[in-house]
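Some notes on the structure that comes next.
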Ligand SMILES: Cc1cc2nc3c(=O)[nH]c(=O)nc-3n(C[C@H](O)[C@H](O)[C@H](O)COP(=O)(O)OP(=O)(O)OC[C@H]3O[C@@H](n4cnc5c(N)ncnc54)[C@H](O)[C@@H]3O)c2cc1C
Ligand code: FES
Ligand code: FES
C-alpha cells in the first residue's frame, strides 16, 4: 500500500486522452453501419390511436423500422422495470419513444421519421407533484400517482416519539426547501453501437456506467441469454449518473437484431437535455424542536420527490434520502416520510449522490435557519448536535467512528475561521 | 449537391466530398475519420470540437466544411511529431489534466492557440483562453497548472 | 437534407447577383455561429448557401475621418484592433466579452447585426456610436442608421436581395462604456447589456447616448433617458433617475436566461454604473 499512497500514479489511459486516440463509442465506425433516429412523442400525455410506419420503411436509404411490436422479450426496463423501450399505447411524457428508423445517414433517418403516420389522442398531463398527489389528479399511471413502498405510500423512518420531542422543545422551527431538475450533462452524449458478430452474438459498444445491471435488463428485452450478448464498455466520456440508465443500447440492440447490420444510435445534446433521465426535483418540509441550549430534540421531515413518468431510480433515491436526510446529528426523536410521485415528465433517476446531496443541502439550510432563530452561531449548532460515538442514528443504528467534529475543525482552519475554545475542545469520542 | 473540398489537414493536403450543410466536424469525423475533435453539442456551446484553422481556435461544429477550402486545419492528431508528444500533451498527461478525456483534445488546442501567440500568459489569460471549453469532470485547475508548466518551460526539451 | 447548393463568390457584384437570382432561397453565411446550430438541428434547411467570407469584407480602416469596418470582420479583430480600442472602446469591450476565443475567431460583426438578436452584444455599442450601415444589392447601395436597422427579434430592414457590407462610425467625442451581465463570466449571452457615451464638460453633460440590450424586442436607444441628462450637471441622484428612466423605456421579457423583473433590477444598476464610469464619477 505505502508504495502507492500519497504518490502520483500515471494514468493508464492518459496518453490515449492527450493524443485523441482514446476510442469513445461515437468514434467507432463499422463498414456498412446505419444510423438510427427515434420518433419521440410530441405530447406529454396521450394514447396512440394509429401508427403506420410503412411509408418510412419503403423510403430509399432506410434499412428498417422498429416499434413496440419488435421487442421480442420484455418491453420494460429500469431498476424496477416499468419503462417501455417503445411505448405500445400510453404516452406518459414528451419524448417517449414510439418508433426507430435505421438509415444510411441521420439526415435520411430524420426524413423517414417525417413519413411515419402517427395519431395521438392527447390527454391532460400533470407536472406538479403536489397536484399529482390530489385524489382527482389526472393519472400518470393506472396504479396511481404515488409509488408504493413496502411500508405504504411513504418511505417511513421512525426513531423515538417525535410529538413527545416537540413538547419538550423550547422552539419549533419550520422550513421548506426545494431543488429543481438537473441534467447531468456529461460531455459525451449518449450513444450506442450494435451489430451481430462473427459468432452470431449481439455485440453492443456501450457508454453504460453499470454494465452488469444493464446486461440483465437487455437480456430480458432481447429475450436473449446473457452469454449471447457481448456488452463492451469501459470508455465513458463522463457519466455523473446519466449513464446509470439505458438510453440507447436497447434501441440499437433491437435494431441490429432485426436488420442484422451494424447500427449507431446517438442522441443530440437537445434530445439528451430534454428527454433523458434527470435528477428529479425535490421538496423538503422540515419541522424541528430545539432546546434553548441548541440541542435538537425532535425532527420531522416530509420529502416529496418528483420521479417523472417512470420510476427510474426514484424509489431508490427516496429511500436513500429518507435514511440520511435527518443529517449526522444526535436527535432522539425522528420522523421521516418520503414520497415518490409520478408526473408527466422524463423519468428522474440517479445523479451524483442518489438523492443524498439534495437532502443534505436542505438539511444544512435548516441548520442555519435554526441557528438564526435561536440566536446561536451556525458552527456551534452543528458542533453541539454532531454525532458522537455511541449516538443512535435515524435508522436506529449505533454510530461508530464519528468524525464530523474533527472534519468541521479542519474546515474552519482551512476557511480561516477562529473557533471558540469550547468548540475546539469538543471531540467525536464523547459529549 | 456534393462538392470537392480541398484543404490542408495537419500539414497534408486532403480532398473530400462534402455537402454544403456539412460542418467541418462532420467532414473530419464522419468522412475523414479524424476522431480527436468530439461532438459534444453540435451548437458551439461545449468546445469539444475545437480545432485550429490557420492557427486560430474555431468550433468545427459551427464551421461550414466548404468554407475551409484551401486553408489549414489542425487537430490533435497533428500535434505529436515523429512519435514525440507535444509539450502540452506531456504536461496534460503528467498533471492529470484529462479525466474522462472527452474535452481534452479541444482543451489542448485552445491552450496551444494561446501559447503560440502568447508564450508567457498570466493566469487570467489562460482562464480566458479555455473559458469556451467545458470540462464536466472539472479538470480546470489541472489544465491551468499544465499550461502554466509548459509556459514556464518545464517541457521545453522537445519543443520544435 | 434535400439538395443544397453552395456559392463562395469573391466579388460583391457576383454575390448580389446571386442574391437577386435566388432571393428568399438564399441563406447568407458569414461566420456561421448563429446559423449552424439551426442547420445542425434541422431547424433550418437551406436551399442555397452563400458564403461571404471571400468577398474581402474583413477590414478595419479609417476613411474620411470615419472608422470603417467590413461586415465580415471577425469579433476577435474588433477586440484586438488598436483603432477600434481608441475610437470605439465600448465596441472593443463588447467584442472582448462576446462568446469565447473560438467563437470570436469566426463570428462577424455583420452576422451579429443581421441576426438581429435583442441580446446582440455589438449592437448597443454601435447604437451609442451613431453607426451607419451600408447595404448593397443589384439595385444599388443604401445607407441606414443603425437605429433604423432593427425591426424585431430576428428582423431587420435588409431586403432578401440585400447584403450588409460595411459599418461606419463617425468621429465621436466623449467616453463610451459597455457593461454586460451574463449568467456566467465567459461564453454567455447577455441577460442585459448596456452601452453609454457621455460628452462631458466638467460635471455638465453636453451630449448623451444610452442603449440597452436584451431589454426589448430590439437593441434599444433610450432617448427619454438621454434627454433627462443632456445639458444637466450630473450627480448621483440624477444618474439614478436617468437609469430608472432608461429601464422604464424598455420592455424586457421572461426567458430561460432571466425574468423581466430581474432584468429591470439589473438593468437599472448597470445603466447607473455605466453612466458613472463614462462621467468619470467612479473608478
Ligand atoms: C457558443 C456561442 C456563444 C455566443 N456568444 C455570443 C455573445 O456573447 N454575444 C453575442 O452577441 N453573440 C454571441 N453569439 C452569437 C453569434 O456568435 C454572434 O451573433 C455572431 O456575431 C454572428 O456572426 P456570424 O458571422 O457567425 O453570423 P452567421 O451565423 O453567419 O449569420 C447570422 C445571420 O446573419 C445573416 N448575415 C450574416 N452576415 C450578413 C451580411 N453581411 N449581410 C446580410 N446578412 C448577413 C445570416 O444570413 C444569418 O441570418 C454566440 C454564439 C455561440 C454559438
Ligand atoms: S460540439 Fe462544437 S462546441 Fe460542442
Ligand atoms: S475530462 Fe471529462 S469532460 Fe473534461
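Chains as they are written, first to last, in our numbering: chain A, 269 to 699; chain B, 29 to 188; chain C, 3 to 285.
C-beta atoms are modelled at their ideal positions from N, C-alpha and C, and glycine is treated no differently.
Less than 7 Å between the CB of residue i and some heavy atom of ligand 3, yes or no?
i              : result
residue 17(C)  : no
residue 506(A) : yes
residue 126(B) : yes
residue 129(B) : yes
residue 164(B) : yes
residue 635(A) : no
residue 223(B) : Outside the shown range of chain B, which is 29 to 188, sits residue 223(B), and nothing can be said about it.
residue 455(A) : yes
residue 551(A) : no
Shorter than 7 Å, the distance from the beta carbon of residue i to the closest heavy atom of ligand 2, or not?
i              : result
residue 101(C) : no
residue 185(C) : no
Can residue i and residue j be called in contact, C-beta distance under 8 Å?
i              : j              : result
residue 552(A) : residue 442(A) : no
residue 77(B)  : residue 60(B)  : no
residue 299(C) : residue 110(C) : Not covered by the structure: residue 299(C). The range shown for chain C is 3 to 285.
residue 213(C) : residue 197(C) : yes
residue 134(B) : residue 66(B)  : yes
residue 624(A) : residue 597(A) : no
residue 332(A) : residue 527(A) : yes
residue 519(A) : residue 499(A) : no
residue 150(B) : residue 38(C)  : no
residue 172(B) : residue 75(B)  : no
residue 127(B) : residue 165(B) : yes
residue 336(A) : residue 356(A) : yes
residue 194(C) : residue 280(C) : no
residue 388(A) : residue 314(A) : yes
residue 494(A) : residue 479(A) : no
residue 156(C) : residue 35(C)  : no
residue 522(A) : residue 492(A) : no
residue 95(C)  : residue 180(C) : yes
residue 251(C) : residue 230(C) : no
residue 392(A) : residue 330(A) : no
So residue i and residue j are supposed to be a Cβ contact under 8 Å. How far apart are they, rounded?
i              : j              : result
residue 104(C) : residue 86(B)  : 5 Å
residue 154(B) : residue 286(A) : In fact, because the Cβ distance is near 17 Å, the residues do not count as touching under 8 Å.
residue 62(C)  : residue 93(C)  : About 10 Å separates the two Cβ atoms, so there is no contact after all.
residue 463(A) : residue 524(A) : 5 Å
residue 549(A) : residue 446(A) : 7 Å
residue 105(B) : residue 62(B)  : 6 Å
residue 455(A) : residue 68(B)  : 5 Å
residue 352(A) : residue 490(A) : Actually they are not in contact, since the Cβ atoms of residue 352(A) and residue 490(A) sit about 14 Å apart, beyond 8 Å.
residue 644(A) : residue 562(A) : 5 Å
residue 179(B) : residue 148(B) : 5 Å
residue 94(B)  : residue 168(B) : Wrong, their Cβ atoms sit about 35 Å apart, outside the cutoff.
For ligand 1, I want to know if residue i counts as a neighbour, meaning its beta carbon is within less than 7 Å of at least one of the ligand's heavy atoms.
i              : result
residue 72(C)  : no
residue 2(C)   : Residue 2(C) lies beyond the stretch modelled for chain C, which goes from 3 to 285, so this question has no answer here.
residue 39(C)  : yes
residue 217(C) : no
residue 119(C) : yes
residue 129(C) : no
residue 36(C)  : yes
residue 93(B)  : no
residue 83(C)  : no
residue 308(C) : Look at the range of chain C in this structure, 3 to 285, and you will see that residue 308(C) is not part of it.
residue 114(C) : yes
From the DSSP output, read off the bridge partner residues of residue i.
i              : result
residue 173(C) : Partner(s): none; residue 173(C) has no beta bridge.
residue 285(A) : Paired residue(s): none; residue 285(A) is not in a bridge.
residue 351(A) : 345(A)
residue 671(A) : Paired residues: none, contrary to the question.
residue 601(A) : 566(A)
residue 550(A) : 447(A) and 573(A)
residue 305(A) : 369(A)
Exercise. Around ligand 2, what residues have a beta-carbon under 6 Å from a heavy atom of it, in chain order?
Worked result: 67(B), 68(B), 69(B), 70(B), 72(B), 73(B), 74(B), 75(B), 76(B), 77(B), 87(B) and 89(B)
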